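Okay, structure first, notes after.
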Amino acid sequence: DAGITQSPRHKVTETGTPVTLRCHQTENHRYMYWYRQDPGHGLRLIHYSYGVKDTDKGEVSDGYSVSRSKTEDFLLTLESATSSQTSVYFCAISEGGNNQPQHFGDGTRLSIL
Amino acid sequence: AQKITQTQPGMFVQEKEAVTLDCTYDTSDQSYGLFWYKQPSSGEMIFLIYQGSYDEQNATEGRYSLNFQKARKSANLVISASQLGDSAMYFCAMRGGGYNKLIFGAGTRLAVHP
């Protein structure tokens with residue numbers, strides 16, 4: 010299994026509070042991604058990174074920011090959480106190359122009350 | 069715009085029978101890749117199979133095969149000899165937009181009945 014650890018695995022918080030989710034990899038892969046999964050939508054890309062300090066927006070980036078100060082860590086921050094951000098969040102990594110799949114962490118279930 | 073469509077929200081199949089999960093895609097790129105992932109009730113995402121747009125043969129991985137019809141823009145997953153452990157959500161995804169980003173379909177929930 011790819012070495013990807015997401016923390017926390019579960020979190021309940023209140024509207025308006027800041028939240029940071031962490032993704033840690035031990036594979037030294039260049040690319041890292043954050044997705045959210047909601048019923049009826051599959052997985053949607055929030056932000057991605059193609060190197061240390063190199064990040065860009067995905068399809069549903071509003072309300073989220075990311076940082077990657079080290080190859081192994083990719084942080085997702087909700088500056089002021091809203092109930093619409095209640096979701097399951099997945100981190101994924103890829104080493105690049107056209108035929109290389111993304112490998113996913115186990116997900117973080119985030120509930121915003 | 070690139071898009072993945074999975075038209076079957078739910079499917080069921082008898083154990084030991086084959087089942088086909090549909091996936092159609094839309095892209096103007098000449099080079100792209102198609103992936104299938106399995107998500108069991110425990111929640112993890114498991115990579116199953118990959119098909120490149122220039123691959124002339126359909127991809128196979130054990131009991132999984134991908135029926136790739138490029139002209140019809142379809143990449144259906146075929147599971148042969150279904151097992152109870154195949155009950156899960158299945159997602160079709162396409163690589164697009166650079167940086168190995170994936171675009172996912174909404175998924176198909178498969179139930180395997182004994």
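In order, the protein sequence lines correspond to chains A and B. Following my numbering, the numbering of the first sequence begins with 10 at its first residue and continues without gaps. Following my numbering, the numbering of the second sequence begins with 69 at its first residue and continues without gaps. All C-beta atoms, glycine included, are put in the ideal place defined by N, C-alpha and C. All figures in this text were calculated on a predicted structure; none of them were measured in a lab.
Could you spell out the range, first to last residue, of the beta strand (DSSP E) harbouring residue i?
i        : result
A/Ser103 : Ser96 to Ser103
B/Asn135 : Tyr132 to Gln137
B/Gln125 : Careful: B/Gln125 lies outside any beta strand (DSSP E) and carries neither H nor E.
B/Tyr93  : Thr92 to Asp94
B/Gln82  : Gly78 to Gln82
B/Thr244 : Beyond the ends of chain B as shown, which are 69 and 182, falls residue 244 of chain B; an answer cannot be given.
B/Met162 : Ala156 to Arg163
B/Ala179 : Thr176 to His181
B/Thr88  : Val87 to Leu89
B/Ser142 : Ser142 to Ile147
Are the CB atoms of residue j and residue i within a distance shorter than 8 Å?
i        : j        : result
A/His33  : A/Asp82  : yes
B/Pro108 : B/Ala174 : no
B/Phe103 : B/Leu178 : no
B/Glu112 : A/Asp115 : yes
B/Ala86  : B/Ala143 : no
A/Val21  : A/Ser120 : yes
A/His38  : A/Ser103 : yes
B/Gln74  : B/Met162 : no
A/Glu36  : A/Leu54  : no
A/Ser96  : A/Arg18  : no
A/Tyr40  : B/Tyr167 : yes
B/His181 : B/Gln82  : yes
A/Thr86  : A/Thr26  : no
B/Thr92  : B/Lys141 : yes
Closer than 7 Å by beta-carbon distance: list the chain A residues that pair up with residue i, in chain order.
i        : result
B/Tyr167 : Tyr40, Tyr57 and Tyr59
B/Gly175 : Gly51
B/Phe136 : Under the 7 Å cutoff, chain A gives no residues; its nearest Cβ is about 14 Å from B/Phe136.
Which chain B residues are close to residue i, counting only those with a beta carbon under 7 Å from its beta carbon?
i       : result
A/Leu54 : Lys169
Can you list the residues of chain B that residue i reaches, using a CB-CB cut of under 8 Å?
i        : result
A/Phe99  : Met113
A/Asp115 : Gly111 and Glu112
A/Leu37  : Reading off the sequence, residue 37 of chain A comes out as Asn, not Leu. Correct list: empty, because the minimum Cβ distance to chain B is about 15 Å.
A/Gly105 : Asn168
Which chain A residues sit within Cβ distance under 9 Å of residue i?
i        : result
B/Phe103 : Pro110 and Gln111
Mind pulling the chain E residues with CB within less than 9 Å of residue i?
i       : result
A/Asp71 : The structure shown contains no chain E; its protein chains are A and B.
* Asked: For the segment 106–120 of chain B, which residues have a CB atom closer than 7 Å to at least one CB atom of chain A, in sequence order?
  -> Flagged, chain order: Gly111, Glu112, Met113, Phe115, Tyr118 and Gly120.
* To do: Only counting runs of 3 or more residues, tell me where the beta strand (DSSP E) segments fall wholly within the segment 31–92 of chain A, in order along the chain.
  => Correct list: 40–47, 51–60, 63–66, 73–79 and 82–87.
* Asked: Listed from N- to C-terminal order along the chain, which residues in the segment 139–158 of chain B have their beta-carbon within a distance smaller than 8 Å of any beta-carbon of chain A?
  -> Taking 8 Å as the Cβ-Cβ cut-off, the segment 139–158 of chain B has no residue approaching chain A.
* To do: Using a Cβ-Cβ cut-off of less than 9 Å, give me the residues of the segment 72–99 of chain B that come near chain A, in sequence order.
  => Cβ contacts with chain A come from Ile72, Gln74, Pro77 and Ser99.
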